[in-house]
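>
Number of protein chains: 2
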Amino acid sequence: MGNKGTALEVIPGAVVRRLPRYLTQTQYLRQQGVEWVSSASLAEALGLTSSTVRQDLSYIDFKGVAKRGYGTGGLEKVLARTLGVDRDVRCVLVGAGNLGRALALHEEFVRQGFKIMGVFDNHPSVVGKKIGRFVIKGMNEMADFVREQQVGIGIVSVPHAAAQAVADQLVAAGARGLLNLTTAHVHAPDTVSVVDARILASLRELAYAVKDI
Amino acid sequence: MGNKGTALEVIPGAVVRRLPRYLTQTQYLRQQGVEWVSSASLAEALGLTSSTVRQDLSYIDFKGVAKRGYGTGGLEKVLARTLGVDRDVRCVLVGAGNLGRALALHEEFVRQGFKIMGVFDNHPSVVGKKIGRFVIKGMNEMADFVREQQVGIGIVSVPHAAAQAVADQLVAAGARGLLNLTTAHVHAPDTVSVVDARILASLRELAYAVKDI
DNA sequence: TAGATTGTTAATCGATTAACAATC
DNA sequence: TAGATTGTTAATCGATTAACAATC
């Protein structure tokens, strides 16, 4: 209770959505051996203004140094801690279609600390089959699994029509965040965050940019 | 030149990002046989306010009817036309890793008019192999292919370090929109739109929501 | 007709940018 | 020291919401 002087408070949504990008860039720079980064160079790399970068970083518990910028090692660590990715984040994947398969097999997510604990699907013909190292389990096992393994995030990769029902089951089982890969809008209580991957929507947004040109 | 009375002008970015969602929902309702939808019910379905919905739809060339709402058939048609998805949109996919494979195999995108014309990869060991009906081509063939097939959208699904170079090649070949599936930020001229899929970033955003709970 | 729902203007809210004193 | 860069406040900008006359 209480915090040690540095008031962290709530971080605005717009800022939270940029923090992962600062983390990716800072990680990259640190791996390249770069020790200091200025707000101007972060801004340049990410297509922002230096003012936005400084404003954003003022929300996390890390101070830059005048004339030098931000130490990449420290910044990376604090960004990871702030986001909660300094330790494994437990996920389940629901829906073993093409997109689901791809995510389960994508090593990058594991490397970044997102641990897929189990893969579930409704379809009797795929239950028991394998995706990489995962044996696909039936939906009837999901709720207990999420509870027992203390899974935080559910990745919803099912057909549009099934999305809300799956989301409801995940929430009931205790998931606190949902990554929605479907085209459906998913309703959840205020205590549960939903982030939409919006892949089809992104393509449609691009179609608008591209059309009649 | 000029338009027939209804000034459409530029549609704000925030609105363009919601139009695909209205389209998805309207499509769904129309398929269910629903003929009219109100701003309040669209808002309820998508987690918005009815005010936002009416404001947004005022940007497209379609009028609702007092006391009845919006005709789903007409609304669907005009939304599709406004976004430029009333005809095939030609894409290429660069990078035949797990994520790229999944997109190439995902029938939903084809059904929605996004036509993958070709799949390209740098890696000699995969060139010539097949993904579904696609034979993977080498990167050396990409620029000519994009020009000849008049491809509008490039889907970038390569490792972080290769993202900018691939984007540059796509832009040089004439692509007008890029769907960026990598964690890298990609720079492009103002004439080219870039939309980031942000899958890892979304997971990290969820990690923040989920942490210490 | 009465009432429901649109379209639009004005008010509010939040996010971004500019500016600059503090500081290393 | 002089100059570069942060942290922060204030100003601007854009997006969302409220309100209500028009209308079917």
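Chains as they are written, first to last, in our numbering: chain D, 1330 to 1542; chain L, 1330 to 1542. Here a beta-carbon is modelled for each residue, glycine too, at the ideal position from N, C-alpha and C. Everything numeric in this text was worked out from a predicted model, so none of it was measured.
1. Among 1404(L), 1415(L), 1368(L), whose alpha-carbon lies nearest the alpha-carbon of residue 1543(L)?
2. Which of the three DSSP states, helix, strand or coil, is assigned to residue 1509(L)?
3. What distance in whole Å lies between the Cβ atoms of residue 1485(D) and residue 1503(D), which are believed to be in contact at a cut-off of 8 Å?
4. Which residues, in chain order, does the stretch 1434-1446 of chain L contribute to contact with chain D at a C-beta distance below 9 Å?
5. Can the beta-carbon of residue 1426(L) be found less than 9 Å from the beta-carbon of residue 1449(L)?
6. Rounded to whole angstroms, what is the Cα-Cα separation between residue 1399(L) and residue 1539(D)?
7. So, using beta-carbon positions, are residue 1354(D) and residue 1375(D) closer together than 9 Å?
8. Could you confirm whether any beta carbon from chain L is found closer than 9 Å to the beta carbon of residue 1349(D)?
9. Could you run through the stretch 1520-1539 of chain L and flag, in chain order, every residue whose CB is less than 7 Å away from some CB of chain D?
10. Does the beta carbon of residue 1359(L) come closer than 9 Å to any beta carbon on chain D?
11. Could you name the residues of the same chain whose beta carbon sits closer than 7 Å to that of residue 1517(D), not counting the 5 residues immediately before and after it, in chain order?
12. Considering only DSSP beta bridges, list what residue 1459(L) is partnered with.
13. Can you list, in chain order, the residues of the stretch 1465-1485 of chain D whose Cβ is nearer than 8 Å to any Cβ on chain L?
14. Does residue 1376(L) have its Cβ less than 9 Å from a Cβ in chain D?
15. Report the three-state DSSP secondary structure of residue 1406(L) (helix, strand or coil).
16. Rounding to the nearest angstrom, what Cα-Cα distance links residue 1458(L) and residue 1452(L) in this structure?
17. Could you tell me whether any Cβ in chain D is nearer than 9 Å to the Cβ of residue 1516(L)?
18. Could you check if residue 1334(L) is buried or exposed, using at least 16 other CB atoms within 10 Å of its CB as the buried criterion?
19. Taking C-beta to C-beta, are residue 1528(L) and residue 1343(D) nearer than 9 Å?
20. In chain order, which continuous runs of the alpha helix (DSSP H) of length 4 or greater are located wholly inside the stretch 1391-1454 of chain D?
21. Determine the contact status of residue 1408(D) and residue 1352(D), defining contact as a CB-CB distance below 9 Å.
22. Would you tell me roughly how many angstroms separate the C-alpha atoms of residue 1463(L) and residue 1511(L), rounded to the nearest one?
23. For residue 1362(L), go through chain D and note every residue whose CB falls closer than 7 Å to its CB, in chain order.
24. Work out the CA separation of residue 1531(L) and residue 1337(L) for me, nearest whole Å.
25. Please report how far the alpha carbon of residue 1472(L) lies from the alpha carbon of residue 1413(L), in whole angstroms.
26. Quick one: using the 10 Å Cβ neighbour count with 16 as the cut-off for buried, is residue 1385(L) buried or exposed?
27. Whose C-beta lies closer than 7 Å to the C-beta of residue 1349(L) among residues of the same chain, with five residues either side of it excluded?
28. Near residue 1331(L), which residues of its chain fall below 7 Å by C-beta distance, leaving aside the five closest residues on each side in sequence?
29. Identify, in the order they occur along the chain, each residue of the same chain with its Cβ nearer than 8 Å to the Cβ of residue 1358(L), setting aside the five sequence neighbours on each side.
30. Cutting at 8 Å between CB atoms, please list the residues of its own chain near residue 1514(D), excluding the five before and the five after it.
31. Run through DSSP, which three-state label would residue 1342(D) get?
32. Our contact map puts residue 1308(D) next to residue 1478(D) with C-beta atoms below 8 Å; I'd like the distance itself, whole angstroms only.
33. Using a threshold of 9 Å, state whether the C-beta atoms of residue 1345(L) and residue 1534(D) are closer than that.
34. Could you compute how far the alpha carbon of residue 1543(L) sits from the alpha carbon of residue 1480(L)?
35. On the DSSP bridge list, what partners appear for residue 1522(D)?
36. Counting only Cβ-Cβ distances shorter than 9 Å, please list the residues of the stretch 1421-1434 of chain D near chain L, keeping chain order.
If we stick to the structure as given:
1. Residue 1543(L) lies beyond the range of chain L shown here (1330 to 1542); nothing can be said about it.
2. Note: residue 1509(L) maps to strand in three-state DSSP.
3. That belief does not hold up - the Cβ atoms of residue 1503(D) and residue 1485(D) are roughly 15 Å apart, past 8 Å.
4. Within the stretch 1434-1446 of chain L, the residues whose Cβ lies closer than 9 Å to some Cβ of chain D are 1434, 1435, 1436, 1437, 1438, 1441, 1442, 1443, listed in chain order.
5. Their beta carbons are not under 9 Å apart, which means residue 1426(L) does not touch residue 1449(L) by this criterion.
6. Take the alpha-carbon of residue 1399(L) and the one of residue 1539(D): they are about 27 Å apart.
7. The answer is yes: Cβ separation under 9 Å.
8. For residue 1349(D), the answer is yes, since a Cβ of chain L falls inside 9 Å of its Cβ.
9. Answer in chain order: 1522, 1524, 1526, 1528, 1529, 1530, 1531, 1532, 1533, 1534, 1535, 1536, 1537, 1538, 1539.
10. Taking 9 Å as the threshold, the shortest C-beta distance from residue 1359(L) to chain D does not fall below it.
11. In chain order, 1496, 1500, 1507, 1523 place their CB closer than 7 Å to the CB of residue 1517(D), counting only its own chain and leaving out the 5 sequence neighbours on each side.
12. Partner(s): 1464(L).
13. Considering only beta carbons, the part of the stretch 1465-1485 of chain D lying closer than 8 Å to chain L consists of 1481, 1482, in chain order.
14. Yes - at least one Cβ of chain D is within 9 Å of the one on residue 1376(L).
15. Helix at residue 1406(L).
16. In this structure, the CA atom of residue 1458(L) is about 11 Å from the CA atom of residue 1452(L).
17. Closer than 9 Å to the CB of residue 1516(L) there is at least one CB belonging to chain D.
18. Confidence in residue 1334(L) is poor, its pLDDT being 37 and thus under 50, which makes the residue's placement too unreliable to answer from.
19. For the 9 Å CB-CB criterion, residue 1528(L) and residue 1343(D) do not form a contact.
20. 1401-1412, 1427-1434, 1436-1440, all fully within the stretch 1391-1454 of chain D.
21. It is a contact, given that the beta carbons lie within the stated cut-off.
22. In this model, residue 1463(L) and residue 1511(L) are separated by some 22 Å (Cα to Cα).
23. Within chain D, no residue has its CB atom less than 7 Å from the CB of residue 1362(L), the nearest being about 15 Å off.
24. The predicted model places residue 1337(L) with a pLDDT of 49, which falls under 50 and marks its position as unreliable; any figure quoted below should be read in that light. The alpha-carbon atoms of residue 1337(L) and residue 1531(L) are separated by roughly 33 Å.
25. Residue 1472(L) and residue 1413(L): Cα-Cα distance of roughly 24 Å.
26. Classification of residue 1385(L): buried, given that the 10 Å Cβ count is 16 or more.
27. So the qualifying residues of the chain are 1412.
28. Confidence in residue 1331(L) is poor, its pLDDT being 33 and thus under 50, which makes the residue's placement too unreliable to answer from.
29. Closer than 8 Å at Cβ, skipping near neighbours: 1366, 1401.
30. Counting only Cβ-Cβ distances below 8 Å, and skipping sequence neighbours, we find 1525.
31. Here DSSP, grouped into helix, strand and coil, assigns residue 1342(D) to helix.
32. Nothing in the structure corresponds to residue 1308(D), since chain D is present only between 1330 and 1542.
33. Contact: yes.
34. With chain L covering only 1330 through 1542, there is no way to say anything about residue 1543(L).
35. Residue 1522(D) pairs with 1506(D).
36. Among the residues of the stretch 1421-1434 of chain D, those with a Cβ less than 9 Å away from any Cβ of chain L are 1426, 1427, 1428, 1429, 1430, 1431, 1432, 1433, 1434, in the order of the chain.
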